[in-house]
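Have a look at the structure below, then the notes.
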Amino acid sequence: MQQFGQITRRMSGWVMLCLALAISACASDDTAPDYRYRLTVEVETPEGLKTGSSVIEVKQRLVRAGSSPANMAVERRVRGEAVAVDLPGGRTLFALLRSDNNIEWPTYVMQTLAPHIDSETFAQQLDNMLLLEGEIVLPRTFPPVGHLEERSAYPMLVTFGALDDPTSVEKVDADDLAVTFGEGVSLERITVQITDDPVTTGIEKRLEWLSEYPEPRLDPEYRGSTNPNLSQSLWHGDFRKGEN
Numbered sequence: 002m003q004q005f006g007q008i009t010r011r012m013s014g015w016v017m018l019c020l021a022l023a024i025s026a027c028a029s030d031d032t033a034p035d036y037r038y039r040l041t042v043e044v045e046t047p048e049g050l051k052t053g054s055s056v057i058e059v060k061q062r063l064v065r066a067g068s069s070p071a072n073m074a075v076e077r078r079v080r081g082e083a084v085a086v087d088l089p090g091g092r093t094l095f096a097l098l099r100s101d102n103n104i105e106w107p108t109y110v111m112q113t114l115a116p117h118i119d120s121e122t123f124a125q126q127l128d129n130m131l132l133l134e135g136e137i138v139l140p141r142t143f144p145p146v147g148h149l150e151e152r153s154a155y156p157m158l159v160t161f162g163a164l165d166d167p168t169s170v171e172k173v174d175a176d177d178l179a180v181t182f183g184e185g186v187s188l189e190r191i192t193v194q195i196t197d198d199p200v201t202t203g204i205e206k207r208l209e210w211l212s213e214y215p216e217p218r219l220d221p222e223y224r225g226s227t228n229p230n231l232s233q234s235l236w237h238g239d240f241r242k243g244e245n
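Under the numbering used here, the first residue of the sequence shown is numbered 2, with each subsequent residue one higher.
Here it is as structure tokens:
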């Protein structure tokens, strides 16, 4: 599994979701919409509500998949950066461009929330994401569907002991922020909303060690082990994807 994750990371940001579908069942234009959405994290603190947000862009296109020209797939490419929420005591909470169990979470979250009608074609179902209106509060988990088990709907949350030290990264429990940030700090909600606003940039001002592709791990000295810690498991691309 670890090797598979490394291979996936080196696909220049392109993600292949191989969903076999006959050409006759595809929409006539065979297109997939590009879109942007705002990811917002709200945290209740003794000093009041603290928020942070980031606009993320997803570009899509339908392609022929596999060895058969009768099959279709969608390629997705993400541009954007993690959400940063400034909290009391000089700490910062980051909502990453991945979830606990899906490194491609930002490419699928809006599509997972979109209405689904079994009689629609694959391409028509991709268009349904554009029907989402207003702020949508993310559920804590997405229910089982097909071969997928119940899974977290939230992005992974982390913080740093020191922002200038990527190896000081710590995972944050979304259900108990107080353990990390102190009494009175709790996650209020996480929302998403389709938007035309420009993609958010500038996270490198907070995390000056962020580098361009090819992205390294947060622990640059990591050379592989059977039990990597968090800094050895996370990549710079979990904080920023695509070109600014």
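Each residue gets a CB set at the ideal place from its N, CA and C atoms; glycine is no exception.
Predicted, not measured: the structure shown is a model, and the values here were computed from it.
Check: Spatial distance of L127 from R152 (CA atoms); Outcome: 21 Å
Check: Rounded C-alpha distance that separates I204 from E216; Outcome: 15 Å
Check: For S232, the three-state DSSP class (helix, strand or coil); Outcome: helix
Check: Which listed residue (G243, R207, K172) has its alpha carbon closest to that of Q233; Outcome: K172
Check: For Q194, the residue or residues it bridges with in DSSP; Outcome: R39
Check: Cβ neighbour criterion (16 or more within 10 Å) applied to P34; Outcome: exposed
Check: Rounded C-alpha distance that separates R10 from L211; Outcome: With a pLDDT of only 43 at R10, under the threshold of 50, the placement of this residue in the model should not be trusted; the figure read from the coordinates follows. Rounded to the nearest angstrom, the two C-alpha atoms are 16 Å apart.
Check: Proximity below 8 Å, CB of P156 to CB of W106; Outcome: yes
Check: Nearest-angstrom beta carbon gap, R78 and K60 [assumed within contact, 8 Å]; Outcome: 5 Å
Check: 8 Å Cβ shell around M93 - same chain, five flanking residues per side excluded; Outcome: The residue asked about is misnamed: residue 93 is Thr in this sequence, not Met. So the qualifying residues of the chain are A85, V86, D87, T160, F161, L164, R207.
Check: CB-CB length for V138 against A96, believed under 8 Å; Outcome: The Cβ separation is near 14 Å, so there is no contact.
Check: Whole-Å CB distance - S187 paired with E48, under 8 Å assumed; Outcome: That pair is no contact at about 13 Å.
Check: Nearest candidate by alpha-carbon position, reference S169, set L219, L114, E76, Y36; Outcome: L219
Check: Residues near V193 by beta carbon distance below 6 Å, same chain, minus five either side; Outcome: Y38, L40, I137
Check: Coil, strand or helix - F95 by DSSP; Outcome: strand
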